[in-house]
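If you read the sequence shown in UniProt numbering, its first letter stands for residue 1, the second for the next number, and so on. A virtual CB, placed ideally from N, CA and C, is assigned to each residue, including glycine.
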Amino acid sequence: MPKAAQMTIIIPGILLLVCLFAMMPVVLHFGPGDGGLQFSWGQGFQSLKDYITGLGTGESFTYYSGKNEHHFWERIGSYFLTSFYYVAAASILGSAIGIFVGIYFAVSKAGWAKSIADFVGALPDFVIVLILQFIIVLIAKETGVVLFEVATLSADDPAVVLPLLAMIIIPANYMVRNVAMQMKLTLTEDYISNAKAKGLGKIYIIFYHGLPNVLPYVKGDLHKLMGIVMGNLFIVEYLFNNKGVSILLFAHAFVGGEYQYDIVVNGLFSFLLLYGLGYALLRAFLYGVGKVFLR
Numbered sequence: 001m002p003k004a005a006q007m008t009i010i011i012p013g014i015l016l017l018v019c020l021f022a023m024m025p026v027v028l029h030f031g032p033g034d035g036g037l038q039f040s041w042g043q044g045f046q047s048l049k050d051y052i053t054g055l056g057t058g059e060s061f062t063y064y065s066g067k068n069e070h071h072f073w074e075r076i077g078s079y080f081l082t083s084f085y086y087v088a089a090a091s092i093l094g095s096a097i098g099i100f101v102g103i104y105f106a107v108s109k110a111g112w113a114k115s116i117a118d119f120v121g122a123l124p125d126f127v128i129v130l131i132l133q134f135i136i137v138l139i140a141k142e143t144g145v146v147l148f149e150v151a152t153l154s155a156d157d158p159a160v161v162l163p164l165l166a167m168i169i170i171p172a173n174y175m176v177r178n179v180a181m182q183m184k185l186t187l188t189e190d191y192i193s194n195a196k197a198k199g200l201g202k203i204y205i206i207f208y209h210g211l212p213n214v215l216p217y218v219k220g221d222l223h224k225l226m227g228i229v230m231g232n233l234f235i236v237e238y239l240f241n242n243k244g245v246s247i248l249l250f251a252h253a254f255v256g257g258e259y260q261y262d263i264v265v266n267g268l269f270s271f272l273l274l275y276g277l278g279y280a281l282l283r284a285f286l287y288g289v290g291k292v293f294l295r
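Written as structure tokens, this is what we have:
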């Protein structure tokens, strides 16, 4: 099937899946009496119907924050740009660090560094965030110097560096292990032995013979890498209280005990756009790396 035809099926399917996922808090609820789980598909599809109808009137793009009504298009810009900043940084910097550190691990005997990377890779993302915050608090307590903000308490004093570190560490660590494994396998190939026999330098062989043959494997894992980045975004924005799309969802999904289906759908669509932009940036970055080290 042509790729264009596949996309005409996949994209509407993803959009429908988002709409169905967003209606779960409406569909699933505990019944009275025994408190058993009940399904109210009628209410869920009514929410979807109201959303589709509201697209024409604009009602699907309004939501409440407390008793105040806001328009989604007027507010999403700042939230989206904050999230995009972290997604872009995590994608590009995490991949760049991961590729070059992964190459170093593949050709060196830095066992202690590999052990640290394996340990960090085994930690959940929220634990990494808490460790970073704890280190800054400990340094501030011992020295009186606050190196970085540990959370965003106001728009005038946002936490920037620690969220950025937390966003970069996990995708970079994943990329390090992936590149190191593929580079080790690549350096055992016959064409590498042939290049060595010709007297080519080690650095040249690694970057102009090995790396171009590792990059296709990296490109094949981009969706998994973007999944890690987007999952990390939820945790980082929530724990650091950064005003991104995650906070928009967390703060306004339920207001006054009422579930706001419209803002959840719009927020999830924003995440899809973030995912697409991050994926495009990664593809462009790897394309550029491939061109630089093309023989």
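Classify residue i: buried if its beta carbon has 16 or more other beta carbons within 10 angstroms, exposed otherwise.
i, result
"Ala251", "exposed"
"Asp118", "exposed"
"Phe72", "buried"
"Ala197", "exposed"
"Tyr174", "buried"
"Thr186", "buried"
"Ser115", "exposed"
"Ala284", "exposed"
"Thr188", "exposed"
"Ile9", "exposed"
"Ala195", "buried"
"Ala110", "exposed"
Going by alpha carbons, who is nearest to residue i out of the options?
i, options, result
"Val160", "Val129, Asp190, Ala172", "Val129"
"Met167", "Leu132, Ile247, Leu222, Thr143", "Leu132"
"Gly267", "Ile52, Arg177, Ala22", "Ala22"
"Gly13", "Gly278, Phe285, Leu272", "Leu272"
"Leu211", "Ala89, Ala180, Arg283, Tyr259", "Ala180"
"Ile203", "Pro163, Gly278, Phe293, Val289", "Phe293"
"Glu74", "Gly66, Ser65, Phe61, Lys67", "Phe61"
"Gly278", "Met24, Ile11, Leu93", "Leu93"
"Leu225", "Glu59, Gly56, Val87, Ile9", "Val87"
"Leu286", "His70, Ala96, Leu81", "Ala96"
"His70", "Phe100, Met230, Leu248", "Leu248"
"Glu237", "Pro163, Asn178, Ala172", "Pro163"
"Ile170", "Tyr208, Ala89, Ile135, Lys243", "Ala89"
"Phe80", "Val264, Leu165, Lys67, Lys243", "Lys243"
"Val101", "Gly276, Gln182, Ile228", "Gln182"
"Gly58", "Gly276, Ile263, Lys291", "Ile263"
"Asn213", "Lys141, Ile192, Met230, Gly199", "Ile192"
Name the DSSP bridge partner or partners of residue i?
i, result
"Gly68", "Note that residue 68 corresponds to Asn in the displayed sequence, not to Gly. According to DSSP, which records beta bridges pairwise, Asn68 is partnered with Ser65."
"Gln38", "His29"
"Phe254", "Tyr259"
For residue i versus residue j, is the C-beta spacing smaller than 9 Å?
i, j, result
"Val26", "Gln43", "yes"
"Ser78", "Leu281", "no"
"Tyr51", "Tyr261", "yes"
"Leu215", "Val289", "yes"
"Leu15", "Leu48", "no"
"Tyr63", "Val245", "no"
"Gly98", "Val176", "yes"
"Ser83", "Ser270", "yes"
"Val178", "Val120", "What sits at residue 178 in the sequence shown is Asn, not Val. Result no, Cβ atoms of Asn178 and Val120 do not sit closer than 9 Å."
"Leu233", "Leu274", "yes"
Given residue i, which residues of its chain have a CB within under 6 Å of its CB, disregarding the five upstream and five downstream residues?
i, result
"Ile235", "Asp125, Phe126"
"Asn241", "Ala151, Thr152"
"Pro158", "Thr152"
Excluding the 5 residues flanking residue i on each side, which residues of the same chain have their C-beta closer than 7 Å to its C-beta?
i, result
"Lys184", "Ala106"
"Ile206", "Ile103, Val107"
"Val145", "Ile139"
"Gly201", "none"
"Ala172", "Gly94, Ile97, Gly98"
"Val265", "Val18, Cys19, Ala22, Tyr51"
"Tyr259", "Pro25, Val26, Ala253"
"Ile228", "Ile170, Pro171, Tyr174"
CB-CB under 8 Å to residue i, same chain, minus the five flanking residues each way: which ones, in chain order?
i, result
"Val137", "Val150"
"Phe45", "Met23"
Report whether the distance from the Cβ of residue i to the nearest heavy atom of the ligand ZN is below 8 Å.
i, result
"Val87", "You won't find the ligand ZN in this model; it holds no ligand whatsoever."
Using a C-beta cutoff of 9 Å, does residue i count as contacting chain B?
i, result
"Leu132", "Looking for chain B here will not work: only one protein chain is present."
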